[in-house]
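Enquirer: Here you go, one structure.
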Amino acid sequence: MAPPSSPSISDANSPAVDASALDELRNTPWREWSNEQWELWRNQVHRLATERNAVILAHNYQLPEIQDAAHHVGDSLGLSRIAADTDADEVIFCGVHFMAETAKILSPDKRVLIPDAAAGCSLADTITAEDLRAWKDEHPGAVVVSYVNTTAEVKALTDICCTSSNAVDVVESIPADQEVLFCPDQFLGAHVQRSTGRENMHIWMGECHVHADISPTDLTDTVRSHPEADLYVHPECGCTTSALWMADSGEFPRDRTHILSTGAMLDQAKKNSRNTVLVATEVGMLHQLRKARPDTEFLAVNPEAACPFMQMITPDKLLRSLEEGRDEVDVPTDVADAARRSVEAMIAIGTPGGGE
Ligand code: SF4
Numbered sequence: 000m001a002p003p004s005s006p007s008i009s010d011a012n013s014p015a016v017d018a019s020a021l022d023e024l025r026n027t028p029w030r031e032w033s034n035e036q037w038e039l040w041r042n043q044v045h046r047l048a049t050e051r052n053a054v055i056l057a058h059n060y061q062l063p064e065i066q067d068a069a070h071h072v073g074d075s076l077g078l079s080r081i082a083a084d085t086d087a088d089e090v091i092f093c094g095v096h097f098m099a100e101t102a103k104i105l106s107p108d109k110r111v112l113i114p115d116a117a118a119g120c121s122l123a124d125t126i127t128a129e130d131l132r133a134w135k136d137e138h139p140g141a142v143v144v145s146y147v148n149t150t151a152e153v154k155a156l157t158d159i160c161c162t163s164s165n166a167v168d169v170v171e172s173i174p175a176d177q178e179v180l181f182c183p184d185q186f187l188g189a190h191v192q193r194s195t196g197r198e199n200m201h202i203w204m205g206e207c208h209v210h211a212d213i214s215p216t217d218l219t220d221t222v223r224s225h226p227e228a229d230l231y232v233h234p235e236c237g238c239t240t241s242a243l244w245m246a247d248s249g250e251f252p253r254d255r256t257h258i259l260s261t262g263a264m265l266d267q268a269k270k271n272s273r274n275t276v277l278v279a280t281e282v283g284m285l286h287q288l289r290k291a292r293p294d295t296e297f298l299a300v301n302p303e304a305a306c307p308f309m310q311m312i313t314p315d316k317l318l319r320s321l322e323e324g325r326d327e328v329d330v331p332t333d334v335a336d337a338a339r340r341s342v343e344a345m346i347a348i349g350t351p352g353g354g355e
């Protein structure tokens, strides 16, 4: 798994707070904050994190300002494993709800907060626990493999979770004569089926609307305008099949086409020798890639691919979360125990990678 970045922050010695300046900050829309107000926000966030003994985690798709203020930036599973390892009492998860749930599943004794509990995920929402129960009833004996972008209740009904980087290994670990139910992402499922050649695998037809909108046309246009570039494609994208087809047909070099999880994109960027890299995933990812390799030009295959749920976590809500201790994410113990077993089954297979 790629080690999440750890920006240095000066939480221990922050200057004293000016209460009226703080009031003004709270009453000003965050997009209109001055440089001084951003500085005040950062200081206050770090001061409160220290007071609460909280660790701030930010997903790679978060706003750049939130990534830069966090103690750790990374992918969903990597961050949840950091949450489990830290001795902080509280985890402030700047990401979407299922990610905070995963942190809670792996850290049942810690208090997990998300700055806005309404930050959902269109992919996780495509399958409910009820849907999965009905699907399992149609295929008794099948092994359920769920991508980590699922709710805790769905994970609790799952045999083995998977991430985008280990989905192929997880499915290959299942005896060839056993049926597999793979959910919820159809594009990742198609990638796994292509890679394993497995015919007894049923794929749930869910998709992330952000990644699905990174279309084959976006990909073809961008690749043709930058024939010298490397290409990084997240397997949730609607253009993954096209990327592999272009590589197989020789239209774009196979050795420059990389199907990667977000953590693996960062690893690949650190090894990169190209001047230009085309990136097919949510645009927040570009911030960490550019920090990792300032000498490389990273271009979004679809610059409009911004996740509206990730963007619900705003700097003012992060401050509010630390001030008011909200929104707490809880998972019932029986659900958390069952969900943890499916995550641990994945980790036992090895190379868990990092999820979205
Ligand atoms: S980018 Fe897609 S999969 Fe990721 S959190 Fe947003 S809606 Fe969910």
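Numbering (numbering that gives the first Met the number 0), first residue to last: 0 to 355.
Ideal placement from N, C-alpha and C gives every residue a C-beta, glycine not left out.
1. Our contact map puts Val366 next to Leu317 with C-beta atoms below 8 angstroms; I'd like the distance itself, whole angstroms only.
2. Hey, Val300 and Thr221: beta-carbon distance below 8 angstroms or not?
3. Give the range of the alpha helix (DSSP H) segment to which Val328 is assigned.
4. Quick check: what's the CA-CA separation for Gly94 versus Pro114?
5. Keeping to the same chain, check which residues put their C-beta closer than 7 angstroms to that of Gly205; ignore five residues upstream and five downstream.
6. For Arg273, report the span of its beta strand (DSSP E) as first-last.
7. So for Ser248, helix, strand or coil by DSSP?
8. Among Thr239, Thr149, His71, which one has its Cα closest to the Cα of Ile104?
9. Just the Cα atoms here: how many angstroms apart are Thr332 and Pro307?
10. Ser29 to Asp315, Cα distance in whole Å?
11. In chain order, what are the residues with a CB under 7 angstroms from some non-hydrogen atom of ligand 1?
12. So, does the segment 289–304 touch the segment 261–272, judging by three or more C-beta pairs under 8 angstroms?
13. Within the same chain, show all residues whose beta-carbon is closer than 6 angstroms to that of Val191, passing over the 5 residues directly before and after it, in chain order.
14. Note the first and the last residue of the continuous alpha helix (DSSP H) segment covering His96.
15. How about Leu285 and Glu235: are their beta carbons less than 8 angstroms apart?
16. Expressed to the nearest angstrom, what Euclidean distance is found between the alpha-carbon atoms of Leu321 and Leu47?
17. Where does Arg292 fall in DSSP's three states?
18. Can you tell which of Ala344, Ile348, Ile258 has its C-alpha closest to the C-alpha of Leu156?
19. Shortest alpha-carbon distance to Val282 belongs to which of Leu21, Ala151, Gln310?
20. Tell me the DSSP secondary structure of Arg110 in three-state form.
21. Straight-line CA distance for Ala189 to Leu277?
22. Can you tell me whether DSSP reads His356 as helix, strand or coil?
23. Quick one: residues in its chain with C-beta nearer than 6 angstroms to the C-beta of Lys109, no 5 flanking neighbours on either side, listed in chain order?
24. I'd like the span of the beta strand (DSSP E) that includes Val179, first residue to last.
25. Tell me whether the beta-carbon of Leu56 lies closer than 8 angstroms to the beta-carbon of Leu78.
26. Could you give the C-beta distance for His96 and Ala118, rounded to a whole number, given that I count them as a contact under 8 angstroms?
27. Can you tell me where the beta strand (DSSP E) holding Ile126 begins and where it ends?
28. State the Cα-Cα distance for the pair Glu31 and Ile312, rounded to the nearest angstrom.
29. With burial defined as no fewer than 16 other Cβ atoms inside 10 Å of the residue's Cβ, what is the status of Ala335: buried or exposed?
30. Within 10 Å of its beta-carbon, does Ser224 have 16 or more other beta-carbons around it, so buried, or fewer, so exposed?
31. Give a yes or no on whether 8 angstroms exceeds the smallest Cβ distance from Thr280 to chain C.
32. Are the beta-carbon atoms belonging to Ala305 and His233 less than 8 angstroms from one another?
33. Taking all protein chains shown into account, do 16 or more other C-beta atoms lie within 10 angstroms of the C-beta of Asp74, making it buried, or fewer, making it exposed?
Expert: Concretely, from the data shown:
1. Here the chain has residues from 0 to 355 only, and residue 366 is not among them.
2. Residue 300 sits at position 301 when you count from the first residue of the sequence shown. Residue 221 sits at position 222 when you count from the first residue of the sequence shown. Yes, the Cβ-Cβ distance between Val300 and Thr221 is below 8 angstroms.
3. As a first step, residue 328 is located in the sequence shown; it is residue number 329 there, counting from the start. Segment: none, Val328 is in no alpha helix (DSSP H) and carries neither H nor E.
4. The residue given as residue 94 occupies position 95 in the sequence shown. The residue given as residue 114 occupies position 115 in the sequence shown. The alpha-carbon atoms of Gly94 and Pro114 are separated by roughly 9 angstroms.
5. Stepping through the sequence shown from its first residue, residue 205 is reached at position 206. Around Gly205: Leu122, Thr125, Ile126, Cys182, Pro183, Asp184, Gln185.
6. Numbered from 1 along the sequence shown, position 274 holds the residue referred to as residue 273. That residue, Arg273, is in no beta strand (DSSP E); it is neither H nor E in DSSP.
7. Here the question's residue 248 lines up with position 249 in the sequence shown. Three-state DSSP puts Ser248 in a helix.
8. Within the sequence shown, numbered from 1, the residue matching residue 104 stands at position 105. The residue with the shortest Cα to Cα distance from Ile104 is Thr149.
9. Reading the sequence shown from its first residue, position 333 is the one you call residue 332. Reading the sequence shown from its first residue, position 308 is the one you call residue 307. If you take the alpha carbons of Thr332 and Pro307, they lie about 30 angstroms apart.
10. As a position in the sequence shown, residue 29 is number 30, starting the count at 1. As a position in the sequence shown, residue 315 is number 316, starting the count at 1. Position check: residue 29 holds Trp in this sequence, whereas Ser was assumed. Their Cα atoms are separated by approximately 6 angstroms.
11. Tyr60, Val95, Cys120, Ser121, Leu122, Ala123, Asn148, Cys207, His208, Val209, His210, Glu235, Glu281, Cys306, Phe308, Met309, Glu355
12. yes
13. To locate residue 191, count along the sequence shown from 1; it is residue 192. Answer for Val191: Ala166, Val167, Val170, listed in chain order.
14. Within the sequence shown, numbered from 1, the residue matching residue 96 stands at position 97. First-last of the alpha helix (DSSP H) with His96: 96–105.
15. Reading the sequence shown from its first residue, position 286 is the one you call residue 285. Reading the sequence shown from its first residue, position 236 is the one you call residue 235. Cβ atoms of Leu285 and Glu235: not closer than 8 angstroms.
16. What you label residue 321 is simply residue 322 of the sequence shown in a count that begins at 1. What you label residue 47 is simply residue 48 of the sequence shown in a count that begins at 1. Taking the straight line joining both Cα atoms gives about 6 angstroms.
17. The residue labelled residue 292 in the question sits at position 293 within the sequence shown. Here Arg292 sits in coil by DSSP.
18. By one-based count along the sequence shown, residue 156 stands at place 157. The residue with the shortest Cα to Cα distance from Leu156 is Ala344.
19. Within the sequence shown, the letter at position 283 stands for residue 282. Measuring from the Cα of Val282, the nearest candidate turns out to be Gln310.
20. Counting from 1 along the sequence shown, the entry for residue 110 is found at position 111. Here Arg110 sits in strand by DSSP.
21. Locating residue 189 in the sequence shown gives position 190, where the first residue counts as 1. Locating residue 277 in the sequence shown gives position 278, where the first residue counts as 1. Using only the alpha carbons, I get a separation of about 22 angstroms.
22. Missing from the structure shown is residue 356; the chain here goes from 0 to 355 and no further.
23. Locating residue 109 in the sequence shown gives position 110, counting from the first residue. Excluding sequence neighbours, Lys109 sits near Val90.
24. To locate residue 179, count along the sequence shown from 1; it is residue 180. Residues 179–182.
25. Here residue 56 corresponds to residue number 57 of the sequence shown, with the count starting at 1. Here residue 78 corresponds to residue number 79 of the sequence shown, with the count starting at 1. Yes, these two residues count as a Cβ contact at 8 angstroms.
26. As a first step, residue 96 must be located in the sequence shown, where it is residue number 97. As a first step, residue 118 must be located in the sequence shown, where it is residue number 119. That pair is a contact at about 6 angstroms.
27. Counted from its first residue, the sequence shown places residue 126 at position 127. Careful: Ile126 lies outside any beta strand (DSSP E) and carries neither H nor E.
28. Counting from one through the sequence shown, the residue named residue 31 turns up at place 32. Counting from one through the sequence shown, the residue named residue 312 turns up at place 313. Near 16 angstroms, if we compare the C-alpha coordinates of Ile312 and Glu31.
29. Taking the sequence shown and counting its residues from 1, one reaches residue 335 at position 336. Ala335 comes out buried.
30. In the sequence shown, counting from the first residue as 1, residue 224 sits at position 225. Counting Cβ neighbours within 10 Å, Ser224 comes out exposed, since fewer than 16 surround it.
31. As a matter of chain content, chain C is missing from the structure shown, which is built from one protein chain.
32. Position 306 of the sequence shown, counted from the first residue, corresponds to residue 305. Position 234 of the sequence shown, counted from the first residue, corresponds to residue 233. Against a cut-off of 8 angstroms, the Cβ pair of His233 and Ala305 comes out as no contact.
33. For this step, residue 74 is matched to residue 75 along the sequence shown. Buried.
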